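Here the structure is laid out as structure tokens; the discussion comes afterwards.
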Amino acid sequence: MKSDAVKKSIMGAAEMPTALKSMDISQLEQVAVEIREKIIDVVAANGGHLASSLGVVELTIALHKIFDTPNDKIIWDVGHQAYAHKLLTGRFDRFHTLRQLDGLSGFPKRQESVYDCFDVGHSSTSISAALGMVAARDIRGSHEKVVAIIGDGSLTAGIAFEALNQAGHLKKNMIVILNDNDMSISPNVGALSSFFSRKLTSDFFVRMKRETENLLDSIPKIGKDLRRLAKKIEESVKGFLTPGILFEAFGFDYVGPVDGHDLEELLLMLDNASRMDGPILVHVVTQKGKGYRPAEENPSLFHGVGPFDRKTGVVTKRVGPQSYTSIFGETLIKMAEKDERVVAISAAMLDGTGLKKFAEQFPERFFDVGIAEQHAVTFAAGLAAQGMKPVCAIYSTFMQRAYDNILHDVCLQKLPVTFALDRGGLVGADGPTHHGVFDHSYLRHIPNLVFVSPRNEIELQRAMITAADYDGPFAYRYPRGSGQGLELSVDPQPLEIGKGELLRDGKDAVIFAIGTSVQESLAAADLLEKEGLDVAVIDARFIKPLDEKLILEHARKSQRIVTVEENVLQGGFGSAVLELLAEHGLQVTAEQIGLPDDFIEQGTQTELRQRYGVDAAGIKTRLQSFCLAKKTA
Ligand SMILES: Cc1ncc(C[n+]2csc(CCOP(=O)(O)OP(=O)(O)O)c2C)c(N)n1
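Following my numbering, the numbering of the sequence shown begins with 36 at its first residue and continues without gaps.
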């Protein structure tokens, strides 16, 4: 169906989600068709999380039909699959702004709608948050239902089990829906995922049960008794063979597995679950990408996808130089070819971190631990303690989860674990949950850690081999997107630890920049030159240890310094420079450029850099007024 038809359709016309209550199955199925159309249209234009959202269309409709939202609470895990939820809760007309600057968020957001009852983006929080809401409800004495929806991928994180453990203990009324599609971003990993796949056995049991019942019913007189006996046996056997046994061990009543695309079955099961007491787990089996063939065939590609041609499913080619991620992946392979101790670790982000080829080439030296960043780091510490050279490739934002593991399990023992922090700085459309703008601050105060933010892809390669030679914890952060198209070195030279580089001299002021901000600062210096200002630019390179000698020398010489970084100002690289100046009693005029003490919204990287003045134009403007103020002072 085309969008014109959608306008005249139930979705466009009816007051949702209330209208769902009076709809019959065929109308609900029509709603599902229209929702899929809208999601595919908008994601084809804007990019987004397509496959996961298409997989839960029927589930979302059923939830809003059975439960009294927003009074009843629906808590999505990660929230990347909540597009149907957004469409059904008053955001149909604004849906085309999805993931754009000042548009609808790609994730549930309390500020955006009363139907979004918990902000998400990082995974595996839904059961904990739901349990908190349940506890609050019971203290208050209200009666709303609370439903958490968690994917089988997200269930691999420890926090999900911590929550199940407490929920089973508290025995309060709550529903957890396991959305099981056998996939995380890539196929799900770990013992748990093979456990879930036993649902095939359970399907077999459902069929067998029906056939046995029919047979027994056909036996006169004793048929009924035999059937009762068979039911007892079947219940205990099924308990052993389905994931039910796992959740029942946690104190949950297990319902399922349910076909997540069969609305009739879903409504029945959810209605039953809504009437049951205690913690209930409903196991819903869905297909990722359901209803759009290219996404069904390649759910990993269409998990988080850029704009694509909806007719052909061909993704718009990314133009520009090779990405930092892919340069990281290729360089690591070369390092592993030379050194057998190099081991790579990913936390469910095989493709995203550029490690796919590494995993193929060195299957015995690659570990995907699932969505388990904390475990990834401590697992790496174990490897390092036994002489390996583990490289933990985790997005800056997700590494936030593993702060204590980095501090306590790696740095305290000075173990040689390398942290490859991809997506450092502003990341774009995923917004505040995903920007990597805190790592300068959350890492730089940890003793024993060396931390580099390379300014380009060659420097990234150099940082990588420096880390490999270093006998202690080492982190490097690099941005999302393309490098500068520089010719890569076949034999990258290691960096001297704690050494920055003067890239351009100047007498009016000195910029100490780091990472991507170095190029922006150089460009700003070019612009300033045209305005008659002569500004020096230094690539500080190391956030820790700082190149104290270089910084102090130029601060003394210039007396006017500006620091620039794509990180929050609080506790970041600029703070480190100011602390150094204070420690040495240096009184100079100083300013910091970076991100404010706030969460940064979504938008393209270019839009956001511009909005927050961390691009060349913004740096130029700040320096202009800074230098002019100084001149007139
Ligand atoms: C802490 C954290 N680590 C990694 C991610 C990246 N991530 C987003 S969705 C996803 C897979 C989730 O799989 P699942 O819960 O099964 O949902 P599905 O997409 O299959 O519906 C991952 C790894 C994240 N959002 N949060």
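Beta carbons: idealized from backbone N, C-alpha and C, even for Gly. Predicted, not measured: the structure shown is a model, and the values here were computed from it.
Quiz item: Given E583, which residues of its chain have a CB within under 7 Å of its CB, disregarding the five upstream and five downstream residues?
Solution: So the qualifying residues of the chain are L615.
Quiz prompt | Exposure of I60, with buried meaning 16 or more beta-carbon neighbours within 10 Å | solution = exposed
Quiz prompt | Those runs of the beta strand (DSSP E) which lie wholly inside the segment 94-122 and span at least 3 residues | solution = List check, beta strand (DSSP E) in window: 108-111.
Quiz prompt | beta-carbon K369 near ligand 1 non-hydrogen atom, thresh 8 Å | solution = no
Quiz item: Are the C-beta atoms of A192 and some chain B residue less than 9 Å apart?
Solution: Among the chains in the structure shown there is no chain B, since it carries only a single protein chain.
Quiz item: Excluding the five sequence neighbours on either side, which residues of its own chain have a C-beta within less than 7 Å of the C-beta of K121, listed in chain order?
Solution: F130 and L139
Quiz item: Hey, would you say G417 sits closer than 9 Å to A382, going by beta carbons?
Solution: no
Quiz item: How close, in whole Å, do the beta carbons of H475 and G607 come, if the pair is a contact with beta carbons under 8 Å?
Solution: 4 Å
Practice problem: Would you mind sorting F239 into buried or exposed? The rule is 16 or more other CB atoms within 10 Å of its CB. | Solution: Any reading at F239 must be qualified, since the residue scores a pLDDT of 48, below 50, and its modelled position is unreliable; no value is offered.
Exercise. Quick one: give me the first and last residue of the alpha helix (DSSP H) that I280 is part of.
Key: Segment G279 to A284, the alpha helix (DSSP H) holding I280.
Exercise. Report, in whole angstroms, the separation of the C-beta atoms of G82 and V340, which I expect to be a contact under 8 Å.
Key: Going by Cβ atoms, the distance from G82 to V340 rounds to 6 Å, so yes, they are a contact pair.
Exercise. Starting from the Cα of T676, find the closest Cα among P514, F343 and K449 and give me that residue.
Key: Residue numbering for the chain in the displayed model covers 36 to 668; residue 676 lies beyond these limits and cannot be assessed.
Exercise. Report the rounded CA-to-CA distance for A419 versus G389, giving the unit in angstroms.
Key: 22 Å
Quiz item: Where I280 and Y289 are concerned, what is the direct C-alpha to C-alpha distance, given to the nearest angstrom?
Solution: 8 Å
Practice problem: Note down, in chain order, each residue of its chain lying with its Cβ closer than 6 Å to the Cβ of Y647, except the 5 sequence neighbours on either side. | Solution: Result list for Y647: L630, in chain order.
Quiz item: Which two residues bound the contiguous beta strand (DSSP E) that contains I210?
Solution: M209 to D215
Quiz prompt | Helix, strand or coil at S552 according to DSSP, with G and I counted as helix | solution = helix
Quiz item: In chain order, what residues of the same chain have a beta carbon less than 7 Å from the beta carbon of K391, not counting five sequence neighbours either side?
Solution: L385
Quiz item: For L123 versus L63, is the C-beta distance shorter than 9 Å?
Solution: no
Practice problem: Kindly provide the ranges of any beta strand (DSSP E) runs that are 3 or more residues long and lie completely inside the segment 384-419, ordered along the chain. | Solution: 401-403
Quiz prompt | Distance cut-off 8 Å: K144 Cβ against heavy atoms of ligand 1 | solution = no
Practice problem: Tell me whether E555 is buried or exposed, calling it buried when 16 or more other Cβ atoms sit within 10 Å of its Cβ. | Solution: buried
Quiz item: Which one of V553, F402 and E636 has the shortest CA to CA distance from A464?
Solution: E636
Quiz item: Going by beta carbon distance, what residues of the same chain come within less than 8 Å of A80, once the five residues before and after it are set aside?
Solution: H131 and P342
Quiz item: If we count the other Cβ atoms within 10 Å of its Cβ and call it buried at 16 or more, is S57 buried or exposed?
Solution: exposed
Quiz item: Would you say the segment 572-583 touches the segment 438-452, given that touching needs at least three Cβ pairs under 8 Å?
Solution: Contact between the segment 572-583 and the segment 438-452 is absent, because fewer than three Cβ pairs lie under 8 Å.
Quiz item: What span of residues does the alpha helix (DSSP H) with S161 cover, start to end?
Solution: Membership of S161 in the alpha helix (DSSP H) is indicated by the continuous run S161 to R175.
Quiz prompt | Residue span of the alpha helix (DSSP H) that contains V612, given as start and end | solution = Start and end: F608 to E618.
Practice problem: Excluding the 5 residues preceding and the 5 following I500 in the sequence, name in chain order all residues of the same chain whose CB lies nearer than 6 Å to its CB. | Solution: P527 and P529
Quiz prompt | Assigned secondary structure, T656 (DSSP; H/G/I helix, E/B strand, else coil) | solution = helix
Practice problem: Would you kindly report the start and end of the unbroken alpha helix (DSSP H) that includes P329? | Solution: R328 to E332
Quiz prompt | Proximity of V211 and L316 at Cβ, strictly below 9 Å | solution = yes
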